Each structure stands twice: as structure tokens, then as C-alpha cells.
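These notes concern the structure reproduced below.
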Amino acid sequence: MTSEHREPGPLGSSSVGPRSAGPAATPAGAFVSESASGSVDPGHHHPHGGPTALDCSEALLRAFEFLDGEMEANDFAKVRAHLDACAECLRQYDLDHMVKLMIKRSCAPEPAPTALRATIVSRLTVIRIETTN
1 MTSEHREPGP LGSSSVGPRS AGPAATPAGA FVSESASGSV DPGHHHPHGG
51 PTALDCSEAL LRAFEFLDGE MEANDFAKVR AHLDACAECL RQYDLDHMVK
101 LMIKRSCAPE PAPTALRATI VSRLTVIRIE TTN
């Protein structure tokens, strides 16, 4: 994981971090479905040239890793190149990005009530005093 990476936004925007930086098992995008046999069906598939190019199913399966900046620089570059070349996967990526932003916005933390905060600070102070004596 690179420390300079920022959360990517729509690929046409400037919010995408440097082309180096995303992880393990991740949720599949909406176009991706798993069949009874366990194979992934991206809903579309076409060759993307080159021995190192990702296919659509792998690019979509790794979309959340890419969004979260949780992949190695080499993998990040491969997913980025795939999204730059594949309009269908780019549409799915943009949808995944919007869903992630909506979830983040609706899960915004509310500040703790003042009384609760005071109680916690008081208890932490007591614990510190007890452990130093």
C-alpha cells in the first residue's frame, strides 16, 4: 500500500491518486454475479490485449480494493489501465464509487453527548491515576 494514494473518484476526475497504489477478497460489483459452479460472470467480456491485461471479471472483483487504495502499485496500475480501456467496467466502477460515497455520507459519525464524553474522560483519568500509583 502506498502512503501517497488518495481514494479514487470517477476516473475522469482529479481525485484519483497517483497511478500506483489497492486487497484481498472484496465484494463483487453489480455486473458481477457468481454462478452455481462458482465461476464469475461479469455480464460482459471481451479481450483487452496483452499478457498482463486483466479480464473484466477480475477488474470488477477488485473495484473496491481499487477504490480503497488497498492494492499493490502494480495491481493498481493494471486495474486503472483496464478501466481506462473498458467502458462497461468504467460504468460499473463509477456506480460502485457512488454507492461507496452514499454509504460514507449516511454513516457520518455523530458527536457523543457531552455527558457521555465527560463520563468517559473521568473514568480514563481514574484509570490513569490507579495505574500510576
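The numbering of the sequence shown is the UniProt record's numbering, which starts it at 1 and goes up by one.
Ideal Cβ placement from N, Cα and C applies to all residues, glycine included.
Remember, it's a predicted structure, so these values are computed and weren't measured experimentally.
Please name the residue in the options whose C-alpha comes closest to that of residue i.
i, options, result
"Tyr-93", "Arg-123, Glu-65, Thr-114 and Ile-127", "Glu-65"
"Asp-75", "Ala-53, Thr-132 and Ile-129", "Ala-53"
Kindly list the residues whose CB is nearer than 6 Å to the CB of residue i, restricted to its own chain and excluding five residues on each side of it in sequence; keep chain order.
i, result
"Ala-59", "Val-79, His-82 and Cys-89"
"Ala-36", "Interpretation of Ala-36 is limited by its pLDDT of 38, a score under 50 that renders its predicted location unreliable; the figure taken from the coordinates is listed afterwards. Once the five neighbours on either side are set aside, Ala-36 has no close Cβ partner at all."
"Ala-115", "none"
So, residue i versus residue j, is the Cβ gap smaller than 8 Å?
i, j, result
"Leu-61", "His-97", "no"
"Cys-86", "Cys-56", "yes"
Once you ignore the five residues that flank residue i on each side, which residues in its own chain have a CB closer than 8 Å to its CB?
i, result
"residue 138", "Given a span of 1 to 133 for the chain in the structure shown, any question on residue 138 remains unanswerable."
Q: Write down every uninterrupted run of the alpha helix (DSSP H) in the segment 48 to 101 whose length is 4 residues or greater and which is fully enclosed by it, in chain order.
A: DSSP runs (the alpha helix (DSSP H)) wholly in the segment 48 to 101: 56 to 61, 63 to 68 and 73 to 85.
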